[in-house]
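In UniProt numbering, the protein residues as written are 1 to 491.
Every residue, glycine too, gets a C-beta built ideally from N, C-alpha and C.
Just so you know, these numbers come straight off a predicted model, no measurement behind them.
Reviewing the structure listed below.
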């Protein structure tokens, strides 16, 4: 599997595209006016303690107060603990952990999404290339994505020997697989320096200030996305290229030659067809090569994905046609989840299959296709209703919510009132207006489509209404009016 990372930099926006075998898999966007907060550490103050929610709201200087749950407040661990070796102590009540007006140092683990404020933790962590520093928790862990038990034990013993009696904890990241002592030492050196800066900043930082900010998107991409199968990293900004080169020389010296500056006149995203893919990722319908298609609906509570056979007729029988469509859909769903950055609860309505083995194979195909996803995913077996339920960890807004805003015409409903509905609303508004105000004539301003409907099909109804109210009604089309918009003016 060949993989490339393409980085497009403009003065106010940076975009990163992950391309596998020529196909776009992920898009990350960072805008200067609205940088994400995940990973940032703030000095905040508790505004309200909510016992019923076992949580507190904390002012960290953002537009909305951030949310801190009792389970995200650090409690001291005694001794060195390896994952799975000991159960955490019982969770105390929120009143025992924080009080209103208390100053706290917190880290953002989830950006503000929709109407919800940022999600916080006091369990601070600072990531490097291969390790994550946990300054307040003496834990030694290894990423569950490293499945080989021998390698897990090797990394754990290696790190244990390097940190000795350090009073801080560490997690070994997936990228550390196969790495040696020198790589670990470099990461430890970086993390110690970073934590020293944070400690110095915390002591005299004003309330609501950021004491540690995560790397910019291009450098984060190198830290989090670079793997052995990434063949090239192309960036179209000379300045960003030089910063990335310095970063790689320090942390990824073996991969420096994979970084390239793209000097071409044609935009890098146009050259690789990324712009068209992004536009398609904003559509509800996703065509499949077989002729079937997906319908993706993102709501506040969950995302639903419906699989349809469409024009695919198959060659053998209905069960075989459905099975093949579902297998293809499982791969497409995994890609769309990454591409659109969809998170939370996801319900997939595959086409009904009778064969139990076919169901099992579709589930396995979905899990296999999700294996390269950087976000944590959990897939459950088919439900009695033939649905697959799954979750995908969400830390930032989806692609659609980053790039789009609520439709001002339908107010986010995704549908418009029909012309007939608006016509009858206008008739009711006319009746309501003449009962309240005196006027000889009423002027109706509406969209051309609505006015044309009234004049062509409802002229008799207008005549009856004029006779009923004893007033004259004039109609005027205005291109500036949306289909649902109208005004009744008294003349």
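Asked: Cβ neighbours of residue 37 in the same chain (closer than 8 Å, five flanking residues each side left out); Found: 62, 108, 111, 112 and 118
Asked: Cβ shell of residue 178 (< 8 Å), same chain only, five flanking positions each side left out; Found: 151
Asked: Test item: CB-CB of residue 344 and residue 302 under 8 Å; Found: yes
Asked: Sequence-distant residues of the same chain with beta carbon closer than 6 Å to residue 358, five excluded per side; Found: 323
Asked: Sub-8 Å separation of residue 39 and residue 214 beta-carbons; Found: yes
Asked: Rounded Cβ spacing between residue 249 and residue 288 (contact assumed at less than 8 Å); Found: No, residue 249 and residue 288 are not in contact; Cβ-Cβ is about 44 Å, not under 8 Å.
Asked: Nearest to residue 342 (by Cα), restricted to the options 392, 356, 464 and 361; Found: 392
Asked: Other residues of its chain near residue 3: CB distance less than 6 Å, five sequence neighbours each side excluded; Found: 20, 229 and 230
Asked: Closer than 7 Å: residue 474 CB and nearest the ligand FMN heavy atom; Found: Ligands in the displayed structure: none, and consequently the ligand FMN is not present.
Asked: N- and C-terminal bounds of the alpha helix (DSSP H) containing residue 174; Found: That residue, residue 174, is in no alpha helix (DSSP H); it is neither H nor E in DSSP.
Asked: DSSP-derived helix/strand/coil call for residue 448; Found: helix
Asked: For residue 151, the first and last residue of its enclosing alpha helix (DSSP H); Found: 149-163
Asked: Chain-order list of residues whose beta-carbon lies under 7 Å from that of residue 300 (same chain, five-residue window excluded); Found: 114
Asked: For residue 58: DSSP bridge partner residues; Found: 46 and 66
Asked: Candidates 46, 51 and 348, of which the one nearest residue 65 by Cα; Found: 46
Asked: DSSP three-state assignment for residue 73, whether helix, strand or coil; Found: coil
Asked: Same chain, Cβ closer than 8 Å to residue 245, neighbours up to 5 away in sequence not counted; Found: 256 and 259
Asked: Sufficient close CB pairs (3 or more, under 8 Å) joining the region 172-191 to the region 199-217; Found: no
Asked: Where the alpha helix (DSSP H) containing residue 146 begins and where it ends; Found: No alpha helix (DSSP H) contains residue 146, which DSSP labels as neither H nor E.
Asked: Selection from 465, 463 and 67 that minimises the alpha carbon distance to residue 49; Found: 67
Asked: Residue from 381, 373 and 349 with nearest C-alpha to residue 364; Found: 381
Asked: Nearest-angstrom Cα separation, counted from residue 333 out to residue 133; Found: 34 Å
Asked: Neighbourhood of residue 219 by C-beta distance below 8 Å, restricted to the same chain and skipping five residues each side; Found: 243, 244 and 247
Asked: Residue 437, DSSP secondary structure in three states; Found: coil
Asked: Beta bridge counterpart(s) of residue 210 as assigned by DSSP; Found: 42
Asked: Length-filtered (4 minimum) alpha helix (DSSP H) runs lying within the region 195-278; Found: 217-225, 238-251 and 268-271
Asked: Residue 106 versus residue 224: straight-line alpha-carbon distance, rounded; Found: 22 Å
Asked: Residue 369, enclosing alpha helix (DSSP H) - first and last residue; Found: 356-370
Asked: Identity of the residue in 240, 294 and 413 nearest residue 9 by Cα; Found: 240
Asked: Between the CA atoms of residue 384 and residue 346 - distance to the nearest angstrom; Found: 16 Å
Asked: Outcome for residue 192 when other beta-carbon atoms lying within 10 angstroms are tallied against a minimum of 16; Found: exposed
Asked: Secondary structure of residue 420, DSSP reduced to three states; Found: helix
Asked: Span separating the alpha-carbon of residue 305 from that of residue 414; Found: 16 Å
Asked: Distance between residue 273 and residue 194 (C-alpha atoms, nearest Å); Found: 39 Å
Asked: Cα-Cα separation, residue 136 to residue 71; Found: 15 Å
Asked: Coil, strand or helix - residue 298 by DSSP; Found: strand
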